[in-house]
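Structure, as structure tokens:
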Amino acid sequence: MFKSLYKTFFTLSKIERLIFIGAVIIFLVSLAFWIGQLFYKSTSEKAIEGGNYAEGVIGQPIAVNPLIAANDTDRDLVELLYSDLLELVDNYESSKDQLVWTFNLKEKIQWSDGEPITSDDILFTLETIKDNDARSPLFPAWQGVVGERLSERQFRFILRTPYAFFLSNLKSLKIAPRHIFENIPTANLRLSNYNLEPLSSGPYKFVSYEKRDDGFITEFNLKINENYSGEAPFIKTFQLKFFSNKEDLVEAFNSREIDGVGGLASSDLENLKINKQVFKLNIPNYYAIFFNPSLSAPLKDPVVRQALALATDKNKIVSEVFQGNATIANGPIVPGVIGYDSKIYQNEEFSIEKANSLLDSKWVKDESGARTGTVEKKKATLEFDMIVPQVEFLMKTAELIKTDWEKIGVKINLVTMRPMDVNNEVIKTRNYQILLFGTILKTDPDLFSFWHSSERFYPGGNLAMFSNKSIDTALENIKINLDEKTQLENLSKIQSVILKERPAVFLFSPIYLYAANKNLKGFDAKFLPIRSNRFDNVNQWYLRTTRVFQ
Numbered sequence: 001m002f003k004s005l006y007k008t009f010f011t012l013s014k015i016e017r018l019i020f021i022g023a024v025i026i027f028l029v030s031l032a033f034w035i036g037q038l039f040y041k042s043t044s045e046k047a048i049e050g051g052n053y054a055e056g057v058i059g060q061p062i063a064v065n066p067l068i069a070a071n072d073t074d075r076d077l078v079e080l081l082y083s084d085l086l087e088l089v090d091n092y093e094s095s096k097d098q099l100v101w102t103f104n105l106k107e108k109i110q111w112s113d114g115e116p117i118t119s120d121d122i123l124f125t126l127e128t129i130k131d132n133d134a135r136s137p138l139f140p141a142w143q144g145v146v147g148e149r150l151s152e153r154q155f156r157f158i159l160r161t162p163y164a165f166f167l168s169n170l171k172s173l174k175i176a177p178r179h180i181f182e183n184i185p186t187a188n189l190r191l192s193n194y195n196l197e198p199l200s201s202g203p204y205k206f207v208s209y210e211k212r213d214d215g216f217i218t219e220f221n222l223k224i225n226e227n228y229s230g231e232a233p234f235i236k237t238f239q240l241k242f243f244s245n246k247e248d249l250v251e252a253f254n255s256r257e258i259d260g261v262g263g264l265a266s267s268d269l270e271n272l273k274i275n276k277q278v279f280k281l282n283i284p285n286y287y288a289i290f291f292n293p294s295l296s297a298p299l300k301d302p303v304v305r306q307a308l309a310l311a312t313d314k315n316k317i318v319s320e321v322f323q324g325n326a327t328i329a330n331g332p333i334v335p336g337v338i339g340y341d342s343k344i345y346q347n348e349e350f351s352i353e354k355a356n357s358l359l360d361s362k363w364v365k366d367e368s369g370a371r372t373g374t375v376e377k378k379k380a381t382l383e384f385d386m387i388v389p390q391v392e393f394l395m396k397t398a399e400l401i402k403t404d405w406e407k408i409g410v411k412i413n414l415v416t417m418r419p420m421d422v423n424n425e426v427i428k429t430r431n432y433q434i435l436l437f438g439t440i441l442k443t444d445p446d447l448f449s450f451w452h453s454s455e456r457f458y459p460g461g462n463l464a465m466f467s468n469k470s471i472d473t474a475l476e477n478i479k480i481n482l483d484e485k486t487q488l489e490n491l492s493k494i495q496s497v498i499l500k501e502r503p504a505v506f507l508f509s510p511i512y513l514y515a516a517n518k519n520l521k522g523f524d525a526k527f528l529p530i531r532s533n534r535f536d537n538v539n540q541w542y543l544r545t546t547r548v549f550q
């Protein structure tokens, strides 16, 4: 047959042979395309194991230990290396009054060194957190909780009083290995070598770390933990690379030394030159202007506080400082957190005219444009010092606020300080008239530490020095009342009263920006309780795929 076709081919003229060859080529290309389309329609993309992913982080680890991790870098590594308690349990139940919680661990779960994970590890973790000598940041959340061992796999937690948000604490509790830390005095935990060479119960395990001659740790190298009790990750090896400044971090991304980076400012995105994908995630935090009336008599006047709120252009801040990558905050709860009531804030507005009108009734402008009045039978001027951490977006925000407030006759002296100094010298002593600062919430609406009058002084989080008996009662009820309707009613009351009293001017919630190369798939752009929770589904991230028949 082919011999006959071959002879026939040479009987054709030159033009006919060219036409024939072209037709054959078109036929073969069409056939290949058709087969390709058929294969594509009959198969689906499936993630497979393989590849290395390197993420860049500013800072470096100090204590990669779930008991004492206190900075973002430590928490990032803890998230990758340690399982949450509820990942380790097969099932659990609570008593009707939610005072007793009983848990059963999964069978045959192990640490990365092969040692079994037992009830002893859980109870050791609890007792160490509660030990004052550990100075654990988790200390406040676990006071009043007693642990009881029932068997190697069964244990219980007993609460002194009901706590409506105890389940949230359970979801975020990471377990430490007792057999590693039990012989180390609690006060010396921070000195242990295991803080930089940790064991693991999570999706990845420690391999090595690298550091410069000056001691700066430059990278942590991880690989899949074969003893992980959950679904194994797809990405075979994972690196966190550490940088001391944003410029080096951006350069590392542009040179493809790293594959992803989070916590970016909007302006940073413009400096990332290579092809990328950007994920935008909301985090339950906000920045606000907190008033301290105890150090400035005019701030005791509700008219002054209301006028300052009216004269604050939040939309302009979001647009000019964040290029739209932030959401407006109007109260002590942000959208996405249980209990946020948008109806309460529907009349919020920016109006220089109304702010001036409010102040005109009590505070008179002099020839220089400054306003003076009388508070507690003493003459006072509307001039305040505002403490601002030396963070670029906060300093820009402060300048915009200063400009707006000057339009209503209020003079602001901006005092910029290093963030560390703001914490140690200002917040601890409550030595400020006005403070521009941020608050990190949880996904549950436990606002006690931020607004209860007992939290007005360090280490409490009530930065506005707010005191209101009815709000104290509502905050106390929210913690212990298990009825959802009653909780929501109390939360609405808190938001309404704080909006009326104006102990602070709530400004914005920055959006967490994460940039990654185009190869990364499976990243879950969801609402994050804290930044390190971006790794919650890291075992679903993947770089390589194959196609399988459906």
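Residue numbering for the sequence shown follows full-length UniProt numbering, starting at 1 and increasing by one per position. Ideal Cβ positions, reconstructed from N, Cα and C, are used throughout, including at glycine.
Checklist line | Paired residues, beta bridge with LYS469 - DSSP | finding: Numbered from its first residue, the sequence shown carries residue 469 at position 469. Note: LYS469 sits in no beta bridge, so no partner.
Item checked: Where ALA176 falls: helix, strand or coil (DSSP) -> Residue numbering aside, residue 176 sits at position 176 when the sequence shown is read from its first letter. Coil.
Notebook entry, point to check: Excluding five sequence neighbours on each side, which residues of the same chain lie with their C-beta closer than 8 Å to the C-beta of SER294?
Noted result: Indexing the sequence shown from 1 puts residue 294 at position 294. So the list reads ARG430 and MET465, once near-sequence residues are dropped.
Check: Around the Cβ of LEU81, are there at least 16 other Cβ atoms within 10 angstroms (buried) or fewer (exposed)?
Finding: Start at 1 with the first residue of the sequence shown, and residue 81 comes out as number 81. LEU81 should be labelled buried.
Checklist line | Inter-residue Cα distance where the pair is ASN254 and ASP268 | finding: Within the sequence shown, residue 254 is the residue found at index 254, counting from 1. Within the sequence shown, residue 268 is the residue found at index 268, counting from 1. One C-alpha to the other measures close to 12 Å.
Notebook entry, point to check: With 16 as the cutoff for other CB atoms within 10 Å, does TYR209 come out buried or exposed?
Noted result: As a working mapping, residue 209 is identified with position 209 in the sequence shown. Buried, because 16 or more other Cβ atoms sit within 10 Å of the Cβ of TYR209.
Next item on the list: Run through the stretch 240-297 for me and flag every whole alpha helix (DSSP H) of 4 or more residues, listed as ranges in chain order.
Entry: 246-254 and 266-271
Check: In three-state terms, what does DSSP make of ASP121?
Finding: In the sequence shown, residue 121 corresponds to position 121, counting from 1. Looking at ASP121 - three-state DSSP - the assignment turns out to be helix.
Check: If you compare alpha carbons, which of ASP444, ILE530, GLY460 and TRP451 is closest to LEU488?
Finding: Here residue 488 refers to the residue found at position 488 of the sequence shown. It is ASP444.
Item checked: Beta-carbon separation (whole angstroms), LEU463 vs PHE437, contact threshold 8 Å -> Walking along the sequence shown from the start, residue 463 turns up at place 463. Walking along the sequence shown from the start, residue 437 turns up at place 437. Right, the Cβ-Cβ distance comes to about 6 Å (below 8 Å), so this counts as a contact.
Checklist line | Buried versus exposed, by CB contacts within 10 Å (16 or more), LEU191 | finding: By 1-based counting over the sequence shown, the position of residue 191 is 191. Counting Cβ neighbours within 10 Å, LEU191 comes out exposed, since fewer than 16 surround it.
Next item on the list: Look up MET417 in the DSSP assignment and give the residues it is bridged to.
Entry: Reading the sequence shown from its first residue, position 417 is the one you call residue 417. The partner list for MET417 (beta bridge, DSSP) reads PRO389.
Next item on the list: For ASP84, write down the residues that DSSP places opposite it in a beta bridge.
Entry: To locate residue 84, count along the sequence shown from 1; it is residue 84. Bridge partners of ASP84: LYS174.
Next item on the list: Express the C-alpha separation of PHE216 and ALA141 in angstroms, rounding to a whole number.
Entry: Here residue 141 refers to the residue found at position 141 when the sequence shown is read from its first residue. Here residue 216 refers to the residue found at position 216 when the sequence shown is read from its first residue. Their backbone Cα atoms lie some 32 Å apart in a straight line.
Item checked: For TYR458 and ILE427, believed in contact at Cβ under 8 Å, the rounded distance -> Against the sequence shown, residue 427 aligns to sequence position 427. Against the sequence shown, residue 458 aligns to sequence position 458. 7 Å between Cβ atoms; contact.
Margin query: Runs of 4 residues minimum, wholly inside the stretch 428-496: which ones carry the alpha helix (DSSP H) assignment?
Written below: 448-451 and 469-480
Check: How do the stretch 339-354 and the stretch 279-286 stand: do at least 3 beta-carbon pairs fall below 8 Å, yes or no?
Finding: no
Check: Which full runs of the beta strand (DSSP E) of 3+ residues lie inside the stretch 307-352, going along the chain?
Finding: 326-328
Margin query: At 3 residues or longer, what runs of the beta strand (DSSP E) sit wholly inside the stretch 144-220?
Written below: 145-149, 154-159 and 204-211
Checklist line | Boundaries of the beta strand (DSSP E) in which TRP101 is found, first to last residue | finding: As a first step, residue 101 must be located in the sequence shown, where it is residue number 101. Element bounds for TRP101: 100-105.
Margin query: Under DSSP, the beta strand (DSSP E) around PHE234 begins and ends at which residues?
Written below: Within the sequence shown, the letter at position 234 stands for residue 234. Unbroken run through PHE234: none, as it is neither H nor E.
Next item on the list: Would you check if the distance between the CB atom of LEU543 and the CB atom of LEU520 is smaller than 8 Å?
Entry: For the purposes of this step, residue 543 is taken as residue 543 along the sequence shown, with counting starting at 1. For the purposes of this step, residue 520 is taken as residue 520 along the sequence shown, with counting starting at 1. Going by C-beta atoms, LEU543 is nearer than 8 Å to LEU520.
Notebook entry, point to check: Name the DSSP bridge partner or partners of GLN110?
Noted result: For this step, residue 110 is matched to residue 110 along the sequence shown. Bridge partners of GLN110: PRO116.
Notebook entry, point to check: If you draw a straight line from the C-alpha of GLY373 to the C-alpha of VAL410, how long is it?
Noted result: Residue mapping note: residue 373 aligns to position 373 of the sequence shown, counting from 1. Residue mapping note: residue 410 aligns to position 410 of the sequence shown, counting from 1. Straight-line Cα distance between these residues: approximately 12 Å.
Check: Where do the N-terminal and C-terminal ends of the beta strand (DSSP E) with PHE535 fall, by residue?
Finding: The residue you call residue 535 lines up with position 535 of the sequence shown. Looking at the DSSP string, PHE535 is not in any beta strand (DSSP E), and its letter there is neither H nor E.
Notebook entry, point to check: Cα separation between TYR286 and LYS396?
Noted result: Numbered from 1 along the sequence shown, position 286 holds the residue referred to as residue 286. Numbered from 1 along the sequence shown, position 396 holds the residue referred to as residue 396. Roughly 16 Å separates the two Cα atoms.
Item checked: Cut-off 8 Å between Cβ atoms - residues of its own chain near THR161, not counting five sequence neighbours on either side -> Indexing the sequence shown from 1 puts residue 161 at position 161. The residues are LEU99, GLY144 and ILE480.
Next item on the list: Would you kindly work out how many angstroms separate the C-alpha atoms of PHE508 and VAL318, rounded to a whole number?
Entry: Residue 508 sits at position 508 when you count from the first residue of the sequence shown. Residue 318 sits at position 318 when you count from the first residue of the sequence shown. When rounded, the distance between both Cα atoms is 7 Å.
Check: With GLU79 and ASN533 assumed to form a contact (beta carbons below 8 Å), what rounded beta-carbon distance in angstroms separates them?
Finding: Along the sequence shown, one-based indexing puts residue 79 at 79. Along the sequence shown, one-based indexing puts residue 533 at 533. Confirmed, Cβ separation roughly 7 Å.
Note to self: Relative to the C-alpha of ILE122, which candidate in PHE157, GLU107 and LEU138 has its C-alpha closest?
What the structure shows: Taking the sequence shown and counting its residues from 1, one reaches residue 122 at position 122. Comparing Cα positions, the closest option is PHE157.
Checklist line | Rounded C-alpha distance that separates ASN195 from ALA63 | finding: Reading the sequence shown from its first residue, position 195 is the one you call residue 195. Reading the sequence shown from its first residue, position 63 is the one you call residue 63. The straight-line gap from Cα to Cα measures roughly 5 Å.
Check: Where does ARG502 fall in DSSP's three states?
Finding: Numbered from its first residue, the sequence shown carries residue 502 at position 502. In this structure, ARG502 counts as coil in the three-state DSSP scheme.
Notebook entry, point to check: Exposed or buried, which one is SER296 when buried takes at least 16 other CB atoms within 10 Å?
Noted result: Residue 296 sits at position 296 when you count from the first residue of the sequence shown. Its Cβ being crowded by 16 or more others within 10 Å, SER296 is buried.
Check: Three or more beta-carbon pairs under 8 Å between the stretch 496-503 and the stretch 245-261, yes or no?
Finding: no
Next item on the list: Reducing DSSP to helix, strand and coil, say where SER136 ends up.
Entry: Walking along the sequence shown from the start, residue 136 turns up at place 136. SER136 falls in the coil class under three-state DSSP.
Next item on the list: Ignore the nearest five residues each way along the sequence and tell me which others in LYS316's own chain have a CB closer than 7 Å to its CB.
Entry: Along the sequence shown, read from residue 1 onward, the residue named residue 316 stands at position 316. The answer, listed in chain order, is LEU400.
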